[in-house]
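Data block below; observations after.
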Amino acid sequence: MDAEVTLTVDGTAHRLTVDTRTTLLDALRERLGNTSPKKGCDHGQCGACTVLLDGKRALSCLALAVAHDGAEIITADGLAADGELHPVQQAFLDRDAFQCGYCTPGQICSAVGVLDEVRRGWPSHAGPDLTADPELSHDEVAERMSGNLCRCGAYVNIVPAVQQAGGGQA
Amino acid sequence: MTDLLEPRAIGRDLVRRDGVAKVRGTATYAYETPVERPAYAHPVQATVARGRVTAMDTATAEGLDGVLAVLTPSTAERLASTEDREFAVLQSDEVAFRGQLIGAVVAETSELARQAADSIRVTYAEQSHDTELSADRDDLYAPGKVNAGHETDTSEGDVAAAMASADVTIEQTYTTAMYHNNPLEPHSTTALWDPAGDGHLTLWDSTQGVHPDRAAVCEVFGLAQEQVRVICPYVGGGFGSKGTPHAHVMLAAMAARALPGRPVKLALTRQQMFFLAGYRTPTIQRMQLAADRDGRLSAVAIDVVVQTSRIKEFAEQAGVPARMMYAAPNRRSTHRVAALDVPVPSWMRAPGECPGMFGPEVALDELAEELGIDPIELRIRNEPEVDPDTGKPWSSRHLVECLREGAERFGWADRPPARHRDGNWLVGTGVAASVYPTMRQARSTANLRYEDGRYVAEIGAADLGTGAWTVLPQITADALGVDVADVDVRIGDTEYPIASVAGGSSGTNTWGSALVVAARAFREKFGGSPSDGDEVAGDVDQAAQDEDHAAYAFGAQFVEARVHADTGEIRVPRLLGVFAAGRIVNPRTARSQFVGGMTMGLSMALHENSVWDPQVGQVANHDLAEYHVTVNADVGDVQAHWLDEHDPFVNAMGSKGIGEIGIVGTAAAVVNAVHRATGVRVRHLPVTLDKLLPGL
Amino acid sequence: MKPFAYARPADVAEAVRDVAAEPTAVFLGGGTNLVDHLKLGIVRPDLVVDVRTLTSRSIDDLQDGGLRVGAAVTNSELAADRRVRERYPVLAQALLAGATGQLRNLATTGGNPLQRTRCVYFQDASTACNKREPGTGCSAVGGYTRYHAVLGVPAALPDPTAPETCIATHPSDMAVALAALDAQVQVLGPAGARTVPFVDLHRLPGEDPSRDTVLEHGELITAIDLPPLPAGARSAYRKVRDRASYAFALVSVAAVASGNGDVRLALGGVAHKPWRATRAEGVLRGGPLTEDTVRAAMAAELAAAQPQPGVDSGNGFKIPLVTRTVVATLRDLEA
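Residue numbers (the working numbering), protein chains in the order written: chain A, 38 to 207; chain B, 390 to 1085; chain C, 41 to 375.
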C-alpha cells in the first residue's frame, strides 16, 4: 500500500510516494538516491544507517518512512552540504578513524549526535555520576559510540576523532 | 636480492585519497551503483539441512503486481559449468545445507521482492542431517592438500619418543569457534545483462578482486572474458569473505539474464550472510609439546580437525604455523576434515595462521608456567636459526626483537603477580607471538601512462579499507622518482589490467611489484621527459622473486586483562603489538591495519562464536545482535608498533604484508592474560565469564 | 514483509478503537521492535496504527511525589530527566544500560516494556516456536539457551514438542527497574481505562506462551507512574552482559534499598518476565544486609531454578552469576 510523504533531506524537501513498508533508510537509498546512510544489518544491530532525524541521531532502518512524514533528516553527506567538511568529518579524516568506509557515515552522524547529547548534559552508562555533567573522556565517548559497529576495528581512532571534534582532550 | 626502492613517498603518513568520499558517504558501494530503473532480487533459501526440493509453489509470488521474474531450480537457466557446486545455483533440487539458495524473486521494489520470496511455499523430501564436528568421528579424512597448497601432514623425527623421554610435556586440546567474517557491507551485486551481440554482463560486485571474480563468473556461465566486466571501486570490508565470489553472485547474474537490459540489485541480508558468504571453520587442535627443564623444546606436534561442506572442500591449514615457528627436532602436523551438511567454509582473515597459532601459543604459556620460565624467555630459547620446516634461511626474522621491544613498551618486567587484585578486579598480563607468511601472487599487471602532465597507473586491484588507493601511488611515485601528488592510480575495474586478489596480505607486495616494473620500464623507455600518451605495462613475472629464503612477518602481542571478581566480566584495557613486517609504506594506513587486526583478534578472543545448533542444522545466533563483534566500549588502549626492518629479499618495496598478522596471536595473548589474572585456563574460545565463574 | 495499511488517528481513543476492530492490527510507537519484527515476518498485521505522536511525551509530577511518564517519552529523554536521575537512579541506569543512543532516541516508555524476547528461534520464522506460532514446539529446548530462562520454568526439563513449552526471557532492562520500583501502568482499552501494577503486566508462559503480557488486544499503555520512594532510599541497576555495551543481559539486577531495612529486588535475563525476587526480599526483610544473608536470600529465591542444558554449555551459569551479581549490587549500594 502506498502513501505520500514529505521528507526534508539535507535541506531539500522531497515529496514522494512510498510503500507503507518502506523504511526511512530504503526511502533515502532506493527512492531518493542518497546512499550516504548504509545498510549493514537492517535490524538496528549495527548503526551504519544512523542519520540525524529531527535533530537526534536515530536508526533509519527501524523507522518507517510513512511514520515520519514531514521529518527533517540530515545524512553525513548533508553535514558537508556547503562543500566544507563538518568538524567531525575532518577529525575522522585526520585520525584515520575508518578503513573500508562503510560504517563511517553512520559513525559520523552518531558522533554529531553524541556531541549534542553531551552538551545537553545527557548521562551515559559510562558516567561515574548520573547527576554530574558528562565529559568527553575515553570511556564516555566509547560507550556513547558503541551503537556503531566498525568491523575494520577503527575504534581506537574513532574515540580521539570525536574528542577532537568536541574540542575536548584527544 | 631485489633492487630496493629509495623511499621518498614510501614511509610518509599520507591521508587516504578516498577519505573525503568515505566521510561524506558518497563513495559508491556495489548495491549503490546509480543505474536506470533498477529491479531488486531477493533470494529464497532452503529450510532443511539435507534433502530434495519436491515442489515450489510460486503462484502467489507470480501473481503479485510488480514481480518481474521468479527463479527456481526447475525454471532457471542451465549453467555452463557446475563443477564448483557452491556456484551451481538452482541447478538441481538437492539441498546440501540449510540456507542454501533454492530460488529468487525479482521485482520492481525491494519490499515486493522480499514479500514475494517469502510467499513461496516449498515442499521437501527431508533427510536426516549430519552437521556436528568432532574429533571422534569415524569419517574424518585427509585432504589431498590444505588451503594455500600446503602439505596435509608433515613429520620429522619421533614425537612419541620425545614425549616419553622429556622432562616436561604438555598435551592438551584447544578449540577455536566457528566465525563469520561479517564485513559491515553485506555481500551485494548489481548486475546488468546487455543482450546485444553475444551478450555482455556488467557486475558491480563487492569483491576483493575484480579479475578473479570475473574469471569465476565466466567459467560458470561459459562466457568469454570480453563479455564480462566487473567494477568495484570500494569494498565495505571483506576479511576474506569477498576474496572469492559466493553463490549469490551467480544468482544475481542469473536474475539479470532473466531480465535483459534491466539492472538487478541483490544484497544478502545480514542473516543470509551466515549461510552464504563463507566462514571460518571451527578447529580442534590437539597439541603436544615436550621440553627439557631449561625449556628447550624436543617435540612440537599439532593434530588439527576442521570441517567443510559436503559440496565443496575447503581445508583450513591450521596446523601450518606450528611447522615453522619454533625449533624442535621432533615435529608432526596433521589435518583431518569432516565433510558435513553445512555451508561452505572459506577464507577469513589469516586462514591457517589465525586459528593455528591459538593452540600452540596457549600451550607454550602452559609450558612456561609448568617450567617456571618467563613466557618471553621460553620463546627466545626456542628461536630457530633457519626455517625448521624447509631448512631455508630466513629472509629476515625479528621475533625476538618484537618480544623484547614489546616487553619494554608494555612494562612486562613490572607486571603484577598472578591473581593480582585491584579493587573488585583481578588483573593479569599475557603475551603471544604471531606470524604471517610474506606472499606474492603469480599474476598482476600494471599499465603506466603519461597523461596531461600526470602519471596514471591502472591495475585491477582492490581497496577494502586497506589503503590501496593511497599506498599504490606512493610506491609508483618512488619507482618513477616523482612527487606522489603527480601520480594517479586507478583500481577496481576489469577494464584495468589483471590483478591478483586482495588476500594473503599480498596485495601491496604483488601490485606494488607490478607497478615498480612498469615504472622502471617507463623510465627506461621514455626517460625523464615523457610525452603525452607514452605508455608501458609491467607485470610481476618480470620482478625479481627470491626462492631461497623463508619469508615471514613476525610479531608479538601483549595484553592486560581484568576480570571482575564477582561476575567474571572480562575487560581488556591494554593491547599492544610490535611487528616486524618489512618496510611500512604508509604508517597511517598500516597502523590502522595492525590495530584493526588486533581488535578483531580481541573480538575473537572474547565475543565471536557462531553457535551451531545441530538440531536445526544452522548457526543459532545468525545476526549482529546475537553474534557479537567488539563494540567501541570493549576496546581500550590498542597500540601497534613496528621495527624498522629492512628485508632485501622480499620485493622492491621491502614490504611484507600487514593485513592479517594483527589478528594472529591476539586471542592466545588474551587467554594467557586471563589465566594470569584468574588461574583459570580457558582452552576453548571464546573466553566468556561462564567459563571463569567456577574458578572465581 | 506483507503489505499493511497505515493509520494515524486523531487521538488515542480512536487509535484504540482502530486496533480493537482489526484482529491483526498493532500499535506503532518508536518502531524499534515492531519494524524489526515486520521484516522478520514475526508479526504480520493488516493494519499498523501509529500512536507515537498521540500519547503524552511529558514527564509530570504526581501529587504523591511520584512521576507520571507519558508513553511517548523516549528512553533517552526519560534517562536524562533530572528528577529520574536524582530520585530513581535504578531506572536511569537501566535505560542507559539498554540498547544504544540512537535506539534510545526512538524507543518509547510505552513500547520498551512490550518488546519481545530475543530468543533466536522466536526471531527465525523458519524454526519451530510456540511463542511465534503456537503449537509448533520449542526449538530452544536443548538448543542455544545462553539467553534463556532458569526461573519460572518447569522443575523438570521441558518437553520441546509440547505446545506450552517456552523458555524465553524478557529482554528489557527498563522493565526490570520498573518491577523493582512498583511502577503502575496506565492502560486505555476498548473497555476503558485501567491501572495495572507493573509486576503484574508480564506473565509466565503458562498454557499460552504467545502472550507476553496481560494486556488484551487493543489495550494501549498511555503512561507509567513511578511511586515515590521513601526518603533515604537508594537504588541501582547492574547488568552483566557478553559485551561491555550494546548487548542483552545475561542477568541483571534492579535493587531498591528503602532505608528501613527493606530491599526490593528484581532480576532480568532469568525468566519469561522481569522477575521480582519476592522470596529473597522476604528473607532479607528487616534483617542486616550482609553477604551471608544475601546469599541465603538468593538461595531461597533460586531453589526452584532449573538450568537449561543446550549447545555451548547451556545456561546453568546464570544461577551462580545472578547470586554473585545481587551480592555485588547490594554491596555497592550499601557502600
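Every residue, glycine too, gets a C-beta built ideally from N, C-alpha and C. On a predicted model such as this, the values are computed, not experimentally measured, just so you know.
message: Which runs of the alpha helix (DSSP H) at least 4 residues long sit entirely within the stretch 199–277 of chain C? Give them in chain order.
response: Runs found: 214–220 and 238–241.
- request: Hey, could you find the ends of the alpha helix (DSSP H) B/Y825 is sitting in?
  value: From DSSP, B/Y825 is part of no alpha helix (DSSP H) but of the beta strand (DSSP E) over W814 to P826.
Exposed unless 16 or more other CB atoms sit within 10 angstroms - verdict on B/N1040: So B/N1040 ends up on the buried side.
field: C/G272 vs C/A289 beta-carbon contact at 8 Å
entry: Between C/G272 and C/A289, the CB-CB gap reaches or exceeds 8 Å.
- request: Check the C-beta distance from C/L295 over to C/S96 and give it rounded, since I have them as a contact under 8 Å.
  value: According to the sequence as given, residue 295 of chain C is Ala; it is not Leu. A Cβ-Cβ separation of about 29 Å leaves C/A295 out of contact with C/S96 under the 8 Å criterion.
Exposure of C/H257, with buried meaning 16 or more beta-carbon neighbours within 10 Å: Of the residues assessed, C/H257 falls on the exposed side of the cut-off, its CB having fewer than 16 other CB atoms within 10 angstroms.
8 Å Cβ cutoff met for B/G488 and B/A435: Closer than 8 Å, so yes.
field: Presumed contact (8 Å Cβ cut-off) between A/E180 and C/S212, rounded CB distance
entry: No, A/E180 and C/S212 are not in contact; Cβ-Cβ is about 19 Å, not under 8 Å.
query: Between C/L376 and C/T209, what straight-line distance do the alpha-carbon atoms span, to the nearest angstrom?
result: In this structure chain C extends from 41 to 375, so residue 376 of chain C is not present and cannot be described.
- prompt: So what does B/N836 bridge to, in DSSP terms?
  reply: Bridge partners of B/N836: B/E847 and B/A926.
query: Does any residue of chain B bring its CB to less than 8 Å from the CB of C/A276?
result: No - not a single Cβ of chain B is within 8 Å of the one on C/A276.
query: By DSSP, does A/L44 sit in helix, in strand, or in coil?
result: In the structure shown, A/L44 sits in a strand (DSSP, three-state: E or B).
message: At the level of alpha carbons, what is the spacing between C/V168 and B/V494?
response: The sequence given here has Ala at residue 168 of chain C, not Val. Computed Cα separation, rounded: 25 Å.
- prompt: Considering only residues of the stretch 980–1048 of chain B, which uninterrupted beta strand (DSSP E) runs meet the minimum length of 3 residues and lie entirely inside it, listed in chain order?
  reply: Whole beta strand (DSSP E) segments, 3+ residues: 1026–1031.
- request: Could you tell me whether any Cβ in chain A is nearer than 8 Å to the Cβ of B/D882?
  value: Taking 8 Å as the CB threshold, B/D882 stays off the interface with chain A.
field: Residue environment, A/Q206, which counts as buried when at least 16 other CB atoms sit within 10 Å
entry: Only weak support exists for where A/Q206 lies, its pLDDT of 45 falling under 50; the coordinates are left without a value.
field: Among B/A932, B/S920 and B/E774, the one whose alpha carbon lies nearest that of B/R909
entry: Nearest Cα to B/R909 within the set B/A932, B/S920 and B/E774: B/A932.
Distance CB(B/V967)-CB(B/W1031) smaller than 8 Å: Yes, the pair counts as a contact, with Cβ atoms nearer than the cut-off.
message: Are there any heavy atoms of the ligand ZN lying less than 7 Å away from the beta-carbon of C/S116, as far as the coordinates show?
response: With respect to small molecules bound, the structure shown includes none, and the ligand ZN cannot be examined in it.
message: Please identify, using Cβ separations under 9 Å, the residues of the stretch 136–163 of chain A that lie next to chain C, in order along the chain.
response: The stretch 136–163 of chain A vs chain C, Cβ under 9 Å: G143, C146, S147, G150, V151, E154, R157, G158, W159, P160, S161, H162 and A163.
task: Would you please verify whether the beta carbon of A/T43 is less than 8 Å from any beta carbon of chain C?
output: Not one chain C Cβ lies under 8 Å of A/T43.
message: I want to verify the contact list: residues of chain B whose CB lies under 8 Å from the CB of C/T167, in sequence order.
response: Those within 8 Å of C/T167 in chain B are V1005.
C/Q346 in three-state terms, based on DSSP: Three-state DSSP puts C/Q346 in coil, outside helix and strand.
- request: Could you work out which residues of chain A lie near C/T72, taking near to mean beta carbons separated by less than 8 Å?
  value: Here the neighbours are G81, L96 and L99.
message: Just to confirm my understanding: we take B/I509, look at its own chain, exclude 5 residues before and 5 after, and list those with CB closer than 7 Å. What are they?
response: Close CB contacts of B/I509 within its chain, under the 7 Å cut and outside five residues either way in sequence, are with V433, M445, D446, T447, A450 and G492 (chain order).
task: Apply the 10 Å Cβ neighbour rule to B/M662 and answer buried if 16 or more other Cβ atoms are within range, or exposed otherwise.
output: Counting other Cβ atoms within 10 Å of its Cβ, B/M662 reaches 16 or more and is therefore classed as buried.
task: Entirely within the stretch 485–544 of chain B and at least 3 residues each: give me those beta strand (DSSP E) ranges in chain order.
output: If we require 3 residues or more, the beta strand (DSSP E) runs fully inside the stretch 485–544 of chain B come out as 490–496 and 510–515.
query: Mapping DSSP to helix, strand and coil, what is B/F968?
result: Of the three classes helix, strand and coil, the one that applies to B/F968 here is strand, per DSSP.
- prompt: So, is the C-beta of B/T512 closer than 8 Å to a C-beta in chain C?
  reply: Closer than 8 Å: no.
- prompt: With 8 Å set as the bound, which would you pick, yes or no: does the beta-carbon of A/Q206 sit closer than that to a beta-carbon of chain B?
  reply: Here the model assigns A/Q206 a pLDDT of 45, short of 50, so the residue's position is not dependable and the matter cannot be decided.
- request: Show which residues of chain A have a CB atom less than 8 Å away from the CB atom of C/P43.
  value: M38, D56, T57 and R58, listed in chain order.
message: Contact between the stretch 718–734 of chain B and the stretch 544–564 of chain B is defined here as three or more beta-carbon pairs at a separation below 8 Å; is this criterion met?
response: Touching, yes.
message: Against chain B, which members of the stretch 183–207 of chain A pass a CB distance test of less than 9 Å?
response: The residues in question are S183, G184, N185, L186, C187, R188, C189, G190, A191, Y192, V193, N194, I195 and V196.
- prompt: I think B/A950 touches B/G817, with their Cβ atoms under 8 Å apart; what is that distance to the nearest whole Å?
  reply: Between B/G817 and B/A950 the Cβ distance is about 5 Å, and since that is below 8 Å, they are a contact.
- prompt: Where does C/K5 fall in DSSP's three states?
  reply: Only positions 41 to 375 of chain C appear in the structure, and residue 5 of chain C is not among them; the question remains open.
message: If we define contact as Cβ-Cβ less than 8 Å, is C/G138 a contact residue for chain B?
response: For C/G138, the answer is no, since every Cβ of chain B falls outside 8 Å of its Cβ.
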